[in-house]
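See structure below.
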Amino acid sequence: MAGFPQLRLRRLRKSETIRSIARETSLAPSNFIYPLFVTHGQGQRIPIEPMPGCYQLSTDQLLSEVDEVTQLGIPGVILFGIPAHKDPLGSGAYDEAGVVQEAIRAIKQAAPNLAVITDVCLCEYTDHGHCGVLRGDTVDNDKTLDLLARTALSHAQAGADIVAPSAMMDGQVAAIRKALDSGGYSDTPIIAYAAKYASAFYGPFRIAAESSPQIGDRRGYQMDPANARMALREVEQDIEEGADMVMVKPALPYLDIIARVKDRYDYPVVAYNVSGEFSMLKAAAQNGWIEERRAAMEVLTAIRRAGADLILTYHAKDACRWLAAER
Ligand code: PBG
Numbered sequence: 000m001a002g003f004p005q006l007r008l009r010r011l012r013k014s015e016t017i018r019s020i021a022r023e024t025s026l027a028p029s030n031f032i033y034p035l036f037v038t039h040g041q042g043q044r045i046p047i048e049p050m051p052g053c054y055q056l057s058t059d060q061l062l063s064e065v066d067e068v069t070q071l072g073i074p075g076v077i078l079f080g081i082p083a084h085k086d087p088l089g090s091g092a093y094d095e096a097g098v099v100q101e102a103i104r105a106i107k108q109a110a111p112n113l114a115v116i117t118d119v120c121l122c123e124y125t126d127h128g129h130c131g132v133l134r135g136d137t138v139d140n141d142k143t144l145d146l147l148a149r150t151a152l153s154h155a156q157a158g159a160d161i162v163a164p165s166a167m168m169d170g171q172v173a174a175i176r177k178a179l180d181s182g183g184y185s186d187t188p189i190i191a192y193a194a195k196y197a198s199a200f201y202g203p204f205r206i207a208a209e210s211s212p213q214i215g216d217r218r219g220y221q222m223d224p225a226n227a228r229m230a231l232r233e234v235e236q237d238i239e240e241g242a243d244m245v246m247v248k249p250a251l252p253y254l255d256i257i258a259r260v261k262d263r264y265d266y267p268v269v270a271y272n273v274s275g276e277f278s279m280l281k282a283a284a285q286n287g288w289i290e291e292r293r294a295a296m297e298v299l300t301a302i303r304r305a306g307a308d309l310i311l312t313y314h315a316k317d318a319c320r321w322l323a324a325e326r
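Numbering that gives the first Met the number 0 applies: residue 0 is where the sequence shown begins, and numbers increase by one.
Encoded structure:
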């Protein structure tokens with residue numbers, strides 16, 4: 000067997016051309032989904048402070064964003080809603096005239112080929128900020144299922160292409176599948192936020208979506224960051240319940256989980272490069288401490304290399320521009 004000096008691994012790093020031939024992992028606009036925050040009212044374009052370049056947008060303002068996303072070749076968006084009113088049962092989530100439902104209709108009309116994915120959860124719509132219905136100070140799993148199912152169905156009825164339950168209630172995928180099937184939407188796929196961790200990296204999102212829990216935290220339903228095998232059980236459970244794609248969230252601190260899910264299951268793997276991961280890079284870049292473009296592309300490449308087929312990322316638009324500039 001040839002070792003050094005016959006063997007020289009640096010040969011394949013000699014020039015950008017050679018490196019590009021030897022490259023194992025690629026990034027393309029088709030790998031990205033761009034998250035959008037939809038707010039109530041008209042003419043609203045409110046900057047989200049910890050997430051430079053991201054806005055709370057009213058439906059009328061969404062369309063320029065949608066245009067941009069489409070032109071960059073991004074295949075889909077995921078919508079989060081900021082309703083005018085919140086209540087204990089999160090009724091804005093399953094309101095036929097809710098912010099997300101209206102936004103879906105507007106986007107599908109303007110850009111019929113853009114995939115509209117919806118986040119199915121109650122936390123942006125409940126006054127207490129939890130992802131389900133409260134009984135005392137715990138979230139009542141089974142009572143929440145019906146409301147999540149209604150939410151998903153109302154999204155499908157408004158024209159959503161894919162629904163993505165993120166509440167981390169047991170049985171939520173099965174409940175949603177059943178509601179979609181009996182409502183005439185057996186063709187609507189489900190992306191399950193299967194392994195969603197109780198993460199500090201959601202901080203900027205909660206500012207953006209105004210969805211922080213008013214009492215307690217989400218550790219009673221989101222996963223313990225210390226657990227990997229349990230993530231595989233979560234994924235398995237969601238697959239059994241009818242998930243079409245499975246998600247790991249956050250992405251960067253959980254690359255091992257992405258890799259294990261990819262290895263074990265023959266399902267498309269989605270990773271959510273969450274708000275805190277984005278804000279960290281933005282903040283460091285604004286201080287001149289890190290080169291945003293290189294750092295962001297390195298992060299996205301790492302998430303793909305770990306095994307993600309699709310990445311939900313606030314860097315989607317920037318990444319597409321950077322990719323285009325490389326050519
Ligand atoms: C729940 C939801 C959250 C995120 C996506 N869906 C927040 C949470 O669980 O508190 C976070 C996404 C991000 O941080 O970018 N509806």
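Just so you know, even glycine gets a beta-carbon here, dropped at the ideal spot from N, CA and C.
Could you check how far apart the C-beta atoms of Tyr124 and Pro164 are, in whole angstroms? I think they sit under 8 Å.
-> In fact, because the Cβ distance is near 14 Å, the residues do not count as touching under 8 Å.
Proximity of Gly182 and Ala258 at Cβ, strictly below 9 Å = Cβ distance not < 9 Å, so Gly182 and Ala258 don't count as in contact.
Is Pro34 near Pro203, with beta carbons less than 9 Å apart?
-> No, they are not a contact pair.
Within the 9 Å Cβ cut-off, does Gly42 reach chain B?
-> Among the chains of the structure shown, chain B does not appear; only one protein chain is present.
So what does DSSP say about Ser57, is it helix, strand or coil?
-> Residue state, collapsed to three classes: strand.
Start and end of the beta strand (DSSP E) containing Met244?
-> Note, Met244: beta strand (DSSP E), Met244 to Lys248.
With a threshold of 16 other CB atoms inside 10 Å of the CB of Gly131, please say whether the residue is buried or exposed.
-> By the Cβ neighbour-count rule, Gly131 is buried, with 16 or more other Cβ atoms within 10 Å of its own.
Close-in-space but distant-in-sequence residues of the same chain around Ala178 (CB under 8 Å, 5 per side omitted) | Hits under 8 Å: Ala148, Arg149, Ala151 and Leu152.
Ser211 to Glu325, Cα distance in whole Å?
-> Ser211 and Glu325 have their alpha carbons spaced roughly 39 Å apart.
My understanding is that Ala154 touches Val234, with C-beta atoms under 8 Å, so please give their C-beta distance in whole angstroms.
-> For the record, residue 154 in the displayed sequence is His; it is not Ala. Not quite, the Cβ-Cβ distance comes to about 23 Å (not below 8 Å), so this is no contact.
Just the Cα atoms here: how many angstroms apart are Ile214 and Asp136?
-> If you take the alpha carbons of Ile214 and Asp136, they lie about 8 Å apart.
Measuring from the CB of Phe204, is there a heavy atom of the ligand PBG at a distance below 8 Å?
-> A heavy atom of the ligand PBG is found nearer than 8 Å to the CB of Phe204.
Going by C-alpha distance, which of Ile189, Lys248 and Met167 is nearest Ala199?
-> Distances from the alpha-carbon of Ala199 to those of Ile189, Lys248 and Met167 put Lys248 closest.
Give a single yes or no on whether Val260 has its beta carbon closer than 8 Å to a heavy atom of the ligand PBG.
-> No, the Cβ of Val260 stays beyond 8 Å of every heavy atom of the ligand PBG.
The segment 265-276 / the segment 215-233 touching (three or more Cβ pairs under 8 Å) | The segment 265-276 vs the segment 215-233: no contact.
So the alpha helix (DSSP H) Asp118 belongs to, where does it begin and stop?
-> Premise fails: Asp118 lies in the beta strand (DSSP E), Ala114 to Val119, not in any alpha helix (DSSP H).
Taking C-alpha atoms, which residue in Leu121, Asn140, Phe277 and Leu113 lies nearest to Ile161?
-> Closest by alpha carbon: Leu113.
Heavy atom of the ligand PBG within 8 Å of Ala130 beta-carbon = The sequence as given places Cys at residue 130; Ala does not occur at that position. Under cutoff, so the answer is yes.
State yes or no: is the C-beta of Pro34 nearer than 8 Å to some heavy atom of the ligand PBG?
-> Checking every heavy atom of the ligand PBG against the Cβ of Pro34, one is found closer than 8 Å.
Kindly list the residues whose CB is nearer than 8 Å to the CB of Pro87, restricted to its own chain and excluding five residues on each side of it in sequence; keep chain order.
-> Correct list, in chain order: Thr125, Asp126, His127, Val132 and Leu133.
Please state whether DSSP places Tyr313 in a helix, a strand or coil.
-> Reduced to three states, the DSSP call for Tyr313 is coil.
Looking at the unbroken alpha helix (DSSP H) that takes in Pro34, where does it start and where does it end?
-> Pro34 -> not in any alpha helix (DSSP H); beta strand (DSSP E) instead, spanning Phe31 to Thr38.
If you measure from the CB of Lys195, is any heavy atom of the ligand PBG nearer than 8 Å?
-> Yes, since a heavy atom of the ligand PBG falls inside the 8 Å radius drawn around the Cβ of Lys195.
Residues near His84 by beta carbon distance below 8 Å, same chain, minus five either side | Excluding residues within five positions, the ones whose Cβ falls inside 8 Å are Gly91.
From Gln5 to Ile17, what distance separates their C-alpha atoms?
-> One C-alpha to the other measures close to 19 Å.
Counting only the same chain and skipping the five closest in sequence on each side, list residues whose C-beta sits under 8 Å from that of Leu309.
-> The beta carbon of Leu309 lies closer than 8 Å to those of Asn30, Phe31, Ile32, Met244, Pro267, Val268, Val269 and Ala270 in the same chain, with the five residues before and after it left out.
Could you say which of Ile189, Thr24 and Leu26 lies nearest to Ile116 if we only look at CA atoms?
-> Of the listed residues, the one whose Cα sits closest to Ile116 is Ile189.
DSSP puts Asp86 in a beta bridge; with which residues?
-> The bridge partners DSSP lists for Asp86 are Thr125.
Leu78 lies in the beta strand (DSSP E); which residues open and close that run?
-> Here the beta strand (DSSP E) through Leu78 covers Gly75 to Ile81.
Among Leu146, Met229 and His129, which has the Cα closest to the Cα of Val138?
-> Taking each of Leu146, Met229 and His129 in turn and checking the Cα distance to Val138, the smallest one comes out for His129.
Pair within 9 Å by beta-carbon distance, Tyr201 and Leu146 = No; because the gap between Cβ atoms is not below 9 Å, this pair is not in contact.
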